[in-house]
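The next block holds one structure in the form of C-alpha cells; read it before the comments.
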Amino acid sequence: MRMSDIINLLKEYLVLGIIALIFFGILFFIGYKVIYKRKMKGTKTINKRQLILYGISICYIIVMLGAVFLNRSGVYGTANLHLFSSYIQAYNEMDMSLFRNIILNILLFVPLGFLLPIYTDKLKKIYKVVPIGFAVTLAIEIIQYITQMGIFEIDDVFNNTLGALIGYSIFMIYNCLKSKAERKKILIYLLPTIITICAFLGIYIKYQNQELGNLYFKYNYKINMKNAKVESNIELSEQREKLDIFYTKILTEEETKKIATSIFEKIGTHISEDDTDLYENTAMYYSSGRNNNVSVKYNGGTYSYTDYSKFTDDGIMPQKTGATRDKIELALQQFDIKIPENAEFKEESNGDYSFTINMHLEENGLTDGNLRCSYYQDGTIKSIHNNLVKYEKVKNKEIISPKEAYNEILEGKFKYGEYYLDKIENFVIENVNIKYILDSKGFYVPVYVFESKINNIDYDIYIEAIK
-6 MRMSDIINLL KEYLVLGIIA LIFFGILFFI GYKVIYKRKM KGTKTINKRQ
44 LILYGISICY IIVMLGAVFL NRSGVYGTAN LHLFSSYIQA YNEMDMSLFR
94 NIILNILLFV PLGFLLPIYT DKLKKIYKVV PIGFAVTLAI EIIQYITQMG
144 IFEIDDVFNN TLGALIGYSI FMIYNCLKSK AERKKILIYL LPTIITICAF
194 LGIYIKYQNQ ELGNLYFKYN YKINMKNAKV ESNIELSEQR EKLDIFYTKI
244 LTEEETKKIA TSIFEKIGTH ISEDDTDLYE NTAMYYSSGR NNNVSVKYNG
294 GTYSYTDYSK FTDDGIMPQK TGATRDKIEL ALQQFDIKIP ENAEFKEESN
344 GDYSFTINMH LEENGLTDGN LRCSYYQDGT IKSIHNNLVK YEKVKNKEII
394 SPKEAYNEIL EGKFKYGEYY LDKIENFVIE NVNIKYILDS KGFYVPVYVF
444 ESKINNIDYD IYIEAIK
C-alpha cells in the first residue's frame, strides 16, 4: 500500500471519528444540559479540559477501530505466532510498504499510552499503562482471529504494546518539563523511542553495507520439520562451485519516466502529468486522454504497454490475428524493440506471441527473459510485456553445494506459503536446478530450486546459493 493510500484511509477514519464526536456531542448536550441540568437540577459540572479529553479519545478510538477492523478481508483460521517474522519478511523483500505497516502499528497505540495517564493519576505508572496497552491489543487480535477479519499476529501485539510504551514515555517527558527537579529523568523516558529508532536505523545500515541485495523467497521463520518424512529421489553432490554474478541497474523515477515518454512519443502522444501513479516497485504512466498505459519496474527496467483502443465504447473489440515472426518483429520496431536472432519465437494463442531468451551469454554479460505481445488485424501491437533484460557480469562467487542446500531444507530454513497451510507430513525431493533471480539491489544471482512434492502437492523450494 502506498503512503498516499494510508493517509487517505486515516482521513476516512478521522472523518468517522469526527462524525462520531458530533453524534456523542448531541447526546451529551441532551443528556447533560437538558436532562441533568435543567430537568433534574443537577449541580455537578464537567470542565472544558474533560470535554476536550473525551472528544480526542472518541476520535482516537474510532480511528483505531477503523484501522484494525475496516478495509480488511476475511482470512480463515490464521495465526502467526513467530515473533519478529514480519520484520524479517520486510527486510527480505525490502518492501517499504511492509516497513510502513510495522511503524504504523507502533504509532497506532502511541495515543493510548499518552491519553491513559491524563485521565487519572492512578495510571501514571508504567506497570499499569503498558499492561493495559498489551491487554487491548491482545483483545483486538483475538477478535480479528475469531471474526476472521484479520490474522492473529504476535508481532502486532508487540508493536502495539511498544507504541503504548512510547506514548506513555512522551507523556512523562511532557510531565518532567513542567518541573525542574524531574527534568533529569527525561533521558530515561526517551529510551524507548531512541531504541526503536536505532533498531530501524540499524536495519537500514546493515542492508546498505551488505555486498548483495536480499531475496524475496528467504524464510522469515523456520518450518517445523520434526514430524515430516523427507525423501530424496536424486543424488546430491557435496562439491561447491563458483558461478558468475550479474548486475542490472535499478532505475530512478526520472529514468522510468524517460522510458514511458519514449514509448508514448513513438505512438504520437505524450505523458499526462496528472495521471502518474508511483508504487513501491513500479511507476505507472498514462498518455493524454488515458488511451495508453506504460508500467515500468524500477528493478531491471522491464515494462508493460497497453493500448486501450482495444477496448472500444461500442463493444466491438479489434481482432487479433496470426502473423509470422518477421511481421511481429517489424511491428515491434515502432517501439524501437529489436529482437535478438537467438530468441525463441512462439505463438501462445491466436494473435499472442512470445520471444524467449534463456541465459544467453555474451562477451561481458548475458540476456535473459521474455517478451510477450499481442498483434491485431490492423497491423499494430496493442499490448507488450517486455521482460528481456541485459545483465553485466560483475563478479564470481562460490556457492554452497546441493547437499548443503538440502540440509537447510531439513532444518526448516525455507519459505513455505503462509501461516494457514497444513503441517508438512511428507516431503519428496524430485529434482534440483540452478536458477538465476534478481535480488533487491539489482544483482542477478544463482539460487537452488528444489522441485518437490509436499503432502503430495507439487511445490518448488528456493534456497539461497550464495552465503
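Residue 437 in our numbering sits at position 444 of the sequence shown, and the numbers go up by one each step.
All C-beta atoms, glycine included, are put in the ideal place defined by N, C-alpha and C.
Comparing alpha carbon positions, the residue from Ser394, Leu431, Tyr452 and Tyr437 closest to Ile422 is Tyr452. In the structure shown, Pro439 adopts extended strand secondary structure according to DSSP, grouped into three states.
Taking the Cα positions, Glu247 is about 22 Å away from Leu431. Within the same chain, Cβ atoms closer than 7 Å to the Cβ of Glu457 are found at Leu208, Lys211 and Val440, the five residues on either side in sequence being excluded. Counting C-beta atoms within 10 angstroms of its own C-beta, Ala128 has fewer than 16 neighbours from the protein chains shown and is therefore classed as exposed. An exposed status is given to Cys191, since fewer than 16 other beta-carbon atoms sit within 10 Å of its beta-carbon. In this structure, the beta-carbon distance from Phe62 to Tyr240 does not fall below 8 Å. With 16 or more other Cβ atoms from the protein chains shown falling within 10 Å of its own Cβ, Gly126 counts as buried. Here Asn153 is buried, its C-beta having at least 16 other C-beta atoms within 10 Å. In this structure, the CA atom of Glu228 is about 12 Å from the CA atom of Asn426. Inter-segment contact for the stretch 153 to 162 and the stretch 96 to 104 is present: three or more beta-carbon pairs are separated by less than 8 Å. Judged by their CB atoms, Glu444 and Asn424 are nearer to each other than the 8 Å cut-off. Taking 4 residues as the minimum length, the stretch 327 to 356 contains no alpha helix (DSSP H) run wholly inside it. Taking all protein chains shown into account, Glu234 has fewer than 16 neighbouring C-beta atoms within 10 Å of its C-beta and is therefore exposed.
Taking 8 Å as the cut-off, the Cβ atoms of Asp237 and Lys428 do not count as close.
Counted as a single uninterrupted DSSP element, the beta strand (DSSP E) harbouring Asn389 occupies residues Val382 to Ile392. Taken through DSSP and simplified to helix, strand or coil, Ser376 comes out as strand. For the pair Ile374 and Val289, the Cα-to-Cα distance works out to about 18 Å. In this structure the stretch 324 to 341 touches the stretch 362 to 376; the number of beta carbon pairs closer than 8 Å is three or more.
Going by DSSP, Gly362 is part of no alpha helix (DSSP H) but of the beta strand (DSSP E) stretching over Gly358 to Tyr368. Annotation for Leu76: Ile147, Asp148 and Phe151 place their beta carbon closer than 8 Å to its own, counting only its chain and skipping 5 residues before and after.
Spanning the alpha carbons of Ile350 and Asn226 requires a straight line of approximately 30 Å. With the rule of 3 Cβ pairs closer than 8 Å, the stretch 243 to 258 counts as touching the stretch 269 to 278. Residue state for Glu224 is assigned as strand, using DSSP reduced to three classes.
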